[in-house]
Every structure is written in structure tokens, then in C-alpha cells.
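Down below is the structure, laid out as C-alpha cells.
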Amino acid sequence: MTTETILDITRQALLLVLMLSLPVVLVAAGTALFVALAQAVTQLQDQTIGLAARMIAVMVTIIVTGGWIGRSVLLFGQQSFARLF
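Those letters in the sequence shown? Residues 1 to 85, per full-length UniProt numbering, in order.
Below is the structure:
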């Protein structure tokens, strides 16, 4: 186990976290933008509408992408342990 191996695994882990969190972040941002636009058009300024819409959108996104996220994390863990030991 060398320093280069540890740095490479750390780099891969950070890229994996970025890649796996991107769909959820994009859906949350898109939903927030859409709800803010709808609230501005209708002049309805209730904070709970935006929060509830984002929460529902994020939960649906996690449910839809959960299998892919789980497989990716499992594969990364297996590859990392294979490289370390």
C-alpha cells in the first residue's frame, strides 16, 4: 500500500460522490427554480410549497436512482479493498 494508491482511491471516492450526488442536486435545483417561477407568477409566497415540492422530488429521485447508487458504491468498495489487500 503506497501513498499513490491511497491518493488514487481518495480521488476516485471524491469523483464517485460527485457523480452520485449530481442527479439529486440537479433535480432539487430544477424543482426549486420551477416552484419559484410558479410562485412569482401566481404571487403565492408560501415557503412550505417550495420545501414540500423539493422534498418530494428528491425522494423520488433517490428511489429511482437508488439501485444505481448502491451498485456503484458496492463496486467501488470491492475494487478499493482489492487494491489495498
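For each residue, glycine too, the CB sits at the ideal point set by N, CA and C.
Please read these numbers as outputs of a predicted model, since none were measured by experiment.
Work out the CA separation of leucine 37 and glutamine 45 for me, nearest whole Å. The residue you call residue 45 lines up with position 45 of the sequence shown. The residue you call residue 37 lines up with position 37 of the sequence shown. Rounded to whole angstroms, glutamine 45 to leucine 37 spans 11 Å at the Cα level.
Under the three-state DSSP convention, the category methionine 55 falls into: Position 55 of the sequence shown, counted from the first residue, corresponds to residue 55. Methionine 55 falls in the helix class under three-state DSSP.
What is the rounded straight-line gap between the Cα of valine 35 and the Cα of arginine 83? Your numbering for residue 35 matches position 35 in the sequence shown. Your numbering for residue 83 matches position 83 in the sequence shown. Whole-angstrom Cα-Cα distance: 46 Å.
Does the stretch 4-11 come close enough to the stretch 54-72 that 3 or more CB-CB pairs lie under 8 Å? no
Do you know offhand how far glutamine 47's Cα is from isoleucine 62's? Translated into positions along the sequence shown, residue 47 becomes position 47. Translated into positions along the sequence shown, residue 62 becomes position 62. Answer to the nearest angstrom: the Cα atoms are 23 Å apart.
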